[in-house]
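Engineer:
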Amino acid sequence: MFSRWGEFAYQHRRVIPLVVVAVIILLYLTFGMRLSDRMSQEGWDDPNSDSTTAAAIEARTFGRDNNGDVILLFTAETGTIDESPEFGHIQEYLTNLLANHPDQIDHITSYFDKRVDRLISQDKRTAFAAIALKGDGDQTLKDFRAIKVQLAGAGRMFPGVSTQIAGATAVADALDEGMSQDISRAEFYALPAVALLLLVVFGSLVTACMPLIVGGLSIVGSLGVLSILAGFTQVNVFAHSVVTLLGLGLAIDYGLFMVSRFREELNRGGGQDVRTAVRRATGTAGKTVVFSAAMVAVALSGLLVFPQAFLKSVAYGAISAVGLAAVLSVTMLPALFSLLGHNIDKFMVRRPRWAGVTGMVAHTLGRGRQSGQAGQRSAGGRGRSRSYSHSRTAVAAPAAASKGSKKLSETWWYRLPNWSMQHAVWVTCAIVGGLMLLALPIGDVEFGGINETYLPPTNQVRTAQSTFDREFPEFRTEPIKLVVTNADNDQLVQVYQQAAQVEGLTGRFTPTSATKDGITVLSAGIVDRAHNQSVVDQLRAIEPPPGVKVYVGGTPALEIESIEALFDKLPLMSFYIVLATFVLMALVFGSLVLPAKAVIMTLLGMGATIGLLTWMFVDGVGANLFGFTPGPLMSPVLVLIMAIIYGLSTDYEVFLVSRMVEARERRAATDVAIKFGTAHTGGIISAAAIIMIVVCGAFGFSDIVMMKYIAFGMIFALLFDATIIRMMLVPAVMHLLQDDNWWAPPWVKSAAGALGHRVSRNQGQGRGRGQSGRPKRAPRPQPQPPRAAQPRQPARPVRRPRTNIPEPDSRASVRMERDRASSSKQPSNQHPRREETIELATGNLPPQRFDKPRTTNPSTHRHFSPTTGRNTKQVPFTELLKRLESED
Numbered sequence: 007m008f009s010r011w012g013e014f015a016y017q018h019r020r021v022i023p024l025v026v027v028a029v030i031i032l033l034y035l036t037f038g039m040r041l042s043d044r045m046s047q048e049g050w051d052d053p054n055s056d057s058t059t060a061a062a063i064e065a066r067t068f069g070r071d072n073n074g075d076v077i078l079l080f081t082a083e084t085g086t087i088d089e090s091p092e093f094g095h096i097q098e099y100l101t102n103l104l105a106n107h108p109d110q111i112d113h114i115t116s117y118f119d120k121r122v123d124r125l126i127s128q129d130k131r132t133a134f135a136a137i138a139l140k141g142d143g144d145q146t147l148k149d150f151r152a153i154k155v156q157l158a159g160a161g162r163m164f165p166g167v168s169t170q171i172a173g174a175t176a177v178a179d180a181l182d183e184g185m186s187q188d189i190s191r192a193e194f195y196a197l198p199a200v201a202l203l204l205l206v207v208f209g210s211l212v213t214a215c216m217p218l219i220v221g222g223l224s225i226v227g228s229l230g231v232l233s234i235l236a237g238f239t240q241v242n243v244f245a246h247s248v249v250t251l252l253g254l255g256l257a258i259d260y261g262l263f264m265v266s267r268f269r270e271e272l273n274r275g276g277g278q279d280v281r282t283a284v285r286r287a288t289g290t291a292g293k294t295v296v297f298s299a300a301m302v303a304v305a306l307s308g309l310l311v312f313p314q315a316f317l318k319s320v321a322y323g324a325i326s327a328v329g330l331a332a333v334l335s336v337t338m339l340p341a342l343f344s345l346l347g348h349n350i351d352k353f354m355v356r357r358p359r360w361a362g363v364t365g366m367v368a369h370t371l372g373r374g375r376q377s378g379q380a381g382q383r384s385a386g387g388r389g390r391s392r393s394y395s396h397s398r399t400a401v402a403a404p405a406a407a408s409k410g411s412k413k414l415s416e417t418w419w420y421r422l423p424n425w426s427m428q429h430a431v432w433v434t435c436a437i438v439g440g441l442m443l444l445a446l447p448i449g450d451v452e453f454g455g456i457n458e459t460y461l462p463p464t465n466q467v468r469t470a471q472s473t474f475d476r477e478f479p480e481f482r483t484e485p486i487k488l489v490v491t492n493a494d495n496d497q498l499v500q501v502y503q504q505a506a507q508v509e510g511l512t513g514r515f516t517p518t519s520a521t522k523d524g525i526t527v528l529s530a531g532i533v534d535r536a537h538n539q540s541v542v543d544q545l546r547a548i549e550p551p552p553g554v555k556v557y558v559g560g561t562p563a564l565e566i567e568s569i570e571a572l573f574d575k576l577p578l579m580s581f582y583i584v585l586a587t588f589v590l591m592a593l594v595f596g597s598l599v600l601p602a603k604a605v606i607m608t609l610l611g612m613g614a615t616i617g618l619l620t621w622m623f624v625d626g627v628g629a630n631l632f633g634f635t636p637g638p639l640m641s642p643v644l645v646l647i648m649a650i651i652y653g654l655s656t657d658y659e660v661f662l663v664s665r666m667v668e669a670r671e672r673r674a675a676t677d678v679a680i681k682f683g684t685a686h687t688g689g690i691i692s693a694a695a696i697i698m699i700v701v702c703g704a705f706g707f708s709d710i711v712m713m714k715y716i717a718f719g720m721i722f723a724l725l726f727d728a729t730i731i732r733m734m735l736v737p738a739v740m741h742l743l744q745d746d747n748w749w750a751p752p753w754v755k756s757a758a759g760a761l762g763h764r765v766s767r768n769q770g771q772g773r774g775r776g777q778s779g780r781p782k783r784a785p786r787p788q789p790q791p792p793r794a795a796q797p798r799q800p801a802r803p804v805r806r807p808r809t810n811i812p813e814p815d816s817r818a819s820v821r822m823e824r825d826r827a828s829s830s831k832q833p834s835n836q837h838p839r840r841e842e843t844i845e846l847a848t849g850n851l852p853p854q855r856f857d858k859p860r861t862t863n864p865s866t867h868r869h870f871s872p873t874t875g876r877n878t879k880q881v882p883f884t885e886l887l888k889r890l891e892s893e894d
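Per the numbering used here, the very first residue in the sequence shown carries number 7; after that it's consecutive.
1. Can you check DSSP and say which residues form a bridge with residue 454?
2. For the region 664-698, which segments carrying the beta strand (DSSP E) assignment without a break, of at least 3 residues, lie completely within its bounds, in sequence order?
3. Would you call the CB atoms of residue 587 and residue 320 closer than 8 Å?
4. Please classify residue 28: is it buried, with 16 or more other beta-carbons within 10 angstroms of its beta-carbon, or exposed?
5. What residue range is occupied by the uninterrupted alpha helix (DSSP H) comprising residue 557?
6. Suppose you measure from the CA of residue 15 to the CA of residue 174; what does that come to, to the nearest Å?
7. Apart from the five residues on each side of it in sequence, which residues of its chain come closer than 6 Å, Cβ to Cβ, to residue 742?
8. Could you check whether the Cβ of residue 354 sits closer than 7 Å to any heavy atom belonging to the ligand GDP?
9. Does residue 417 come out as helix, strand or coil in the three-state DSSP assignment?
10. Taking C-alpha atoms, which residue in 569, 142, 436, 531 lies nearest to residue 54?
11. Would you kindly check if the distance between the Cβ of residue 548 and the Cβ of residue 6 is under 8 Å?
12. Go through the region 102-173 residue by residue and report every complete run of the alpha helix (DSSP H) that reaches 4 residues or more, in order.
13. Could you check how far apart the C-beta atoms of residue 136 and residue 126 are, in whole angstroms? I think they sit under 8 Å.
14. Grouping DSSP H, G and I as helix and E and B as strand, with all else coil, what is residue 238?
15. For the beta strand (DSSP E) containing residue 525, list its first residue and its last residue.
16. Straight-line CA distance for residue 285 to residue 300?
17. With residue 486 as the anchor, note down where its alpha helix (DSSP H) starts and where it stops.
18. Are residue 734 and residue 235 closer than 8 Å when you measure CB to CB?
19. Pairs of beta-carbons, one from the region 653-672 and one from the region 702-716, closer than 8 Å: are there three or more?
20. For residue 700, which option in 310, 204, 487 has the closest C-alpha, if you only look at C-alpha atoms?
21. Kindly indicate the opening and closing residues of the beta strand (DSSP E) around residue 723.
22. Once DSSP output is grouped into helix, strand and coil, what is the label at residue 268?
23. Do you know whose CA, among 436, 345, 200, 755, lies nearest residue 739's CA?
24. Cα-Cα, which of 312, 344, 314, 484 is closest to residue 288?
25. Three Cβ pairs or more, each shorter than 8 Å: is that satisfied between the region 263-283 and the region 563-580?
26. Using a Cβ-Cβ cut-off of 7 Å (strictly less than) and excluding sequence neighbours within five positions of residue 298, which residues of its own chain qualify?
27. So, for residue 56: in the same chain, excluding its five sequence neighbours on each side, which residues have a beta-carbon less than 8 Å away from its beta-carbon?
28. Comparing alpha-carbon positions, which option in 501, 81, 150 lies nearest residue 128?
29. Determine the DSSP secondary structure at residue 635, reduced to helix, strand or coil.
30. If you measure between the beta carbons of residue 70 and residue 179, is that distance less than 8 Å?
31. Report the three-state DSSP secondary structure of residue 298 (helix, strand or coil).
32. Count the other CB atoms, across all protein chains shown, that sit within 10 Å of the CB of residue 638; report buried if there are 16 or more and exposed otherwise.
33. If you compare alpha carbons, which of 707, 465, 58 is closest to residue 628?
34. For residue 372, which residues of its own chain have a beta-carbon under 6 Å away from its beta-carbon, when the five flanking residues on both sides are left out?
35. Starting from residue 743, follow the beta strand (DSSP E) in both directions and report where the run begins and ends.
36. Could one say the Cβ of residue 537 lies closer than 8 Å to chain B's Cβ atoms, at least one of them?
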């Protein structure tokens with residue numbers, strides 16, 4: 007299917023880029039430019055919780071509690087505020103502020119009007135005015151921005167009196183501004199840095215622009231998609247930053263893989279035609295990109311099981327961005343490849359050291375078998391192999407391409423996995439133990455809600471809020487509330503007496519207003535945010551009189567119940583993500599063992615990442631260096647980073663193992679397939695991880711702790727995943743599992759084959775055994791007619807019949823042709839020697855077996871020629887590469 011799409015892209019190469027660019031521009035102009043007006047600040051709470059019900063009852067009966075929307079602090083630099091000559095001017099300013107903004111301000115409660123002692127500090131130097139805004143929900147922030155300029159100007163109007171702006175709405179506005187700056191910073195700093203990295207990776211200006219085109223179009227298009235989503239559902243402003251981060255990073259990664267595969271196909275066999283290269287690149291890398299994006303989308307779709315609108319909006323936006331990045335990679339890029347052709351390497355500034363080797367190995371696995379078989383002509387019909395001499399022409403081009411390039415056996419991505427396979431047991435134990443050790447700090451994780459501590463310590467709004475909390479401890483935290491319904495005076499007294507026994511409050515509960523329609527709202531402050539859980543639990547234990555309903559409300563209860571809702575749904579999310587990604591990977595890999603391995607390794611990496619994040623953001627390691635205040639984490643953000651990390655880990659797993667599967671389909675033994683996959687994709691995966699880290703690094707300098715948390719989480723996950731896990735743990739574990747890696751029932755093999763995998767049904771059935779568990783007998787050799795009766799073979803090379811060649815990846819215990827030729831007998835209950843077969847001359851990968859214990863060097867193989875039926879001497883795998891490179 008993907009190859010056919012590549013053919014379609016080639017045939018319509020002039021139309022597709024124009025259509026794609028036109029659609030993206032139209033999407034942005036029509037919807038994307040209105041995104042800022044459609045974003046929301048809400049969606050952090052569980053809409054089905056008791057605290058949400060309490061807030062709805064209070065708002066419906068008494069109106070929204072808006073007293074703490076904006077706080078203006080006035081501090082006398084000398085003396086008391088009462089003695090300041092500006093006292094009357096401040097009073098006049100507040101009166102004019104209310105008169106000038108009747109549509110935004112509901113009322114103002116200030117010390118300057120009533121001189122209430124609660125509104126002035128103990129030293130009489132600081133007093134405040136509470137400005138209640140009229141708007142509700144997102145309109146509150148718009149009302150604040152309408153009066154923000156006049157509020158900021160107050161600091162220059164009163165000599166000798168400093169003015170500060172605090173309050174919940176002011177904090178929300180500061181957070182919104184910080185996120186907007188994050189996006190601008192990413193676009194300004196990350197894109198040039200990524201462009202430089204791509205130039206280093208590819209060495210060509212034209213090639214480096216290809217992933218950037220996909221990334222730029224993805225950013226512009228995602229704005230339009232987000233705006234469309236905001237018209238149907240609530241989209242939190244935080245989603246914009248997450249969508250930009252994921253969309254930009256993954257779009258460039260996908261473009262990187264597509265471009266590298268196209269160049270590889272273009273240089274295969276001494277230079278293919280552009281049409282074939284486009285078709286093959288789309289059929290291989292394009293398919294991998296689509297399934298990789300599907301893995302990330304599935305991981306992010308797990309956020310939809312949670313009730314919080316914030317997580318739903320991030321899931322919608324991120325899935326759209328990832329899907330758009332994949333679509334652009336398999337539509338725009340194949341068309342551009344078709345237009346550019348060999349000019350894709352134009353304006354070359356340097357040649358990558360590993361580019362020639364990559365093409366050479368791909369040629370060896372992809373073309374070597376055909377050329378080798380063509381050269382296996384036998385003089386006089388004796389079946390003597392002449393594959394080595396006949397392969398010189400076939401490998402000359404890739405070998406020549408590798409001049410000046412780094413040999414495959416000398417690359418980091420070959421040597422490190424090879425070393426890990428040689429010490430597989432020790433590497434596995436050490437890495438698994440280390441990752442589990444790094445996950446230990448998870449036990450210290452604490453959760454809380456969004457507040458001013460998410461702003462940098464030097465932020466003016468945060469400084470003002472800290473001053474307010476210090477000078478007015480009675481108002482230090484958001485109040486906890488009890489909403490009592492259907493209670494008479496005696497019943498209300500019973501509830502009040504029980505509430506008075508609660509510990510951790512700044513004082514007794516007091517009614518916010520007179521009882522109305524049988525509804526009474528009681529309010530009290532909490533000494534410290536750390537006591538929120540304890541206070542809420544005590545209030546929940548209140549036993550109301552018969553017929554009376556008591557709801558625990560207020561911001562502390564909203565935060566607690568939001569955390570509880572997340573952890574109630576977390577098992578369902580985990581089960582869904584693991585099951586869905588397992589099924590997708592089984593279809594991509596044609597195996598059930600590889601997906602299970604991938605899930606386990608992903609969970610290990612995720613645990614280590616969250617452990618480091620807890621150590622950093624909760625325990626405070628590096629807080630001064632990176633400019634943040636350690637404290638409780640927002641539970642929705644933790645769930646979000648878990649979904650992102652899981653998606654990214656499976657993303658790189660698909661890219662790595664897919665190349666191993668390709669080698670396996672071409673008759674490579676397990677160890678050879680592992681080395682081929684790691685050496686072939688290790689450089690690209692490392693480059694993709696570095697690019698993603700650069701993008702995340704731009705957000706790592708965010709002013710918002712939430713974005714720092716996500717950025718550093720992705721950086722830690724990428725470092726673990728692209729180095730320790732993919733380049734060391736995966737090869738070691740797969741080496742230990744050997745052919746068990748490829749096990750799957752026949753119906754899974756059939757499903758994978760429907761997606762284009764050339765997987766035999768009996769591949770990977772077990773160690774030398776068939777599906778029934780008993781050793782398989784080899785088929786009897788077919789009787790051959792006398793030599794004189796055989797027809798004359800044509801002069802041209804022909805493909806030898808493969809009726810007696812065992813399946814390429816079968817684990818069945820079969821007799822080798824050598825044994826059949828000599829008619830030697832072997833007991834059916836005895837396992838034959840397993841030999842890894844590979845023809846040194848051409849790099850052919852015929853049926854392969856292992857005949858050495860696992861403790862031997864995995865880079866040494868025994869070679870078997872299906873032409874002569876004889877085993878050759880053991881030659882290291884690296885010797886094959888040296889011979890191929892010396893052909894030029």
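Where a beta carbon is used, it is the ideal one built from N, C-alpha and C, also for glycine. The structure displayed is predicted, hence computed values, not measured ones.
Structural biologist: Here's the rundown:
1. Translated into the one-based positions of the sequence shown, residue 454 becomes position 448. Note: residue 454 sits in a beta bridge opposite 640.
2. none
3. Taking the first residue of the sequence shown as 1, we reach residue 587 at position 581. Taking the first residue of the sequence shown as 1, we reach residue 320 at position 314. Not in contact: residue 587 and residue 320 (Cβ atoms no closer than 8 Å).
4. Stepping through the sequence shown from its first residue, residue 28 is reached at position 22. Its Cβ having fewer than 16 others within 10 Å, residue 28 is exposed.
5. On the sequence shown, position 551 is the one that residue 557 refers to. First-last for residue 557: 555-560, but that is the beta strand (DSSP E), not the alpha helix (DSSP H).
6. Position 9 of the sequence shown, counting from 1, holds the residue named residue 15. Position 168 of the sequence shown, counting from 1, holds the residue named residue 174. In a straight line, the C-alpha of residue 15 is about 53 Å away from that of residue 174.
7. The residue labelled residue 742 in the question sits at position 736 within the sequence shown. Excluding positions up to five away in sequence, the list reads 430.
8. Ligands displayed in this structure: none; no statement on the ligand GDP is therefore possible.
9. The residue given as residue 417 occupies position 411 in the sequence shown. Of the three classes helix, strand and coil, the one that applies to residue 417 here is coil, per DSSP.
10. One-based indexing of the sequence shown puts residue 54 at position 48. Measuring from the Cα of residue 54, the nearest candidate turns out to be 569.
11. The displayed coordinates of the chain run from 7 to 894. Any statement about residue 6 would go beyond what the structure contains.
12. 117-120, 144-158
13. As a position in the sequence shown, residue 136 is number 130, starting the count at 1. As a position in the sequence shown, residue 126 is number 120, starting the count at 1. With 8 Å as the limit, residue 136 and residue 126 do not qualify as a contact, their Cβ atoms being about 13 Å apart.
14. As a working note, residue 238 is residue 232 in the sequence shown. Coil at residue 238, not helix or strand.
15. The sequence position of residue 525 within the sequence shown is 519, counting from 1. 525-530 is the span of the beta strand (DSSP E), which, as asked, contains residue 525.
16. Position 279 of the sequence shown holds residue 285. Position 294 of the sequence shown holds residue 300. If I take the Cα positions, the gap works out to 21 Å.
17. Here residue 486 is taken as the residue at index 480 of the sequence shown, counted from 1. Looking at the DSSP string, residue 486 is not in any alpha helix (DSSP H); the run it does join, the beta strand (DSSP E), is 486-491.
18. Counting from one through the sequence shown, the residue named residue 734 turns up at place 728. Counting from one through the sequence shown, the residue named residue 235 turns up at place 229. No, the pair does not count as a contact, with Cβ atoms beyond the cut-off.
19. no
20. Residue 700 sits at position 694 when you count from the first residue of the sequence shown. Nearest C-alpha to residue 700: 204.
21. Numbered from its first residue, the sequence shown carries residue 723 at position 717. That residue, residue 723, is in no beta strand (DSSP E); its alpha helix (DSSP H) goes 711-725.
22. Mapped onto the sequence shown, residue 268 falls at position 262. Correct three-state label for residue 268: helix.
23. By 1-based counting over the sequence shown, the position of residue 739 is 733. Nearest of 436, 345, 200, 755 to residue 739, Cα basis: 436.
24. As a working note, residue 288 is residue 282 in the sequence shown. The residue with the shortest Cα to Cα distance from residue 288 is 344.
25. no
26. In the sequence shown, counting from the first residue as 1, residue 298 sits at position 292. Taken in chain order, the residues that qualify are 657, 660, 661.
27. Position 50 of the sequence shown, counting from 1, holds the residue named residue 56. Correct list, in chain order: 557, 558, 559, 563, 567.
28. Reading the sequence shown from its first residue, position 122 is the one you call residue 128. Considering only alpha carbons, the answer is 81.
29. In the sequence shown, the residue the question calls residue 635 occupies position 629. Looking at residue 635 - three-state DSSP - the assignment turns out to be coil, as it is neither helix nor strand.
30. As a working note, residue 70 is residue 64 in the sequence shown. As a working note, residue 179 is residue 173 in the sequence shown. For residue 70 and residue 179, no; Cβs fall outside 8 Å.
31. One-based indexing of the sequence shown puts residue 298 at position 292. Helix at residue 298.
32. Your numbering for residue 638 matches position 632 in the sequence shown. Label assigned to residue 638: buried.
33. One-based indexing of the sequence shown puts residue 628 at position 622. Looking at the Cα atoms, 707 is the closest of the given residues.
34. Counted from its first residue, the sequence shown places residue 372 at position 366. Confidence at residue 372 is low in this model, with a pLDDT of 39, below 50, so its placement is unreliable and no value can be given for it.
35. By 1-based counting over the sequence shown, the position of residue 743 is 737. Residue 743 -> not in any beta strand (DSSP E); alpha helix (DSSP H) instead, spanning 736-743.
36. In summary, chain B is missing from the structure at hand, where a single protein chain is found.
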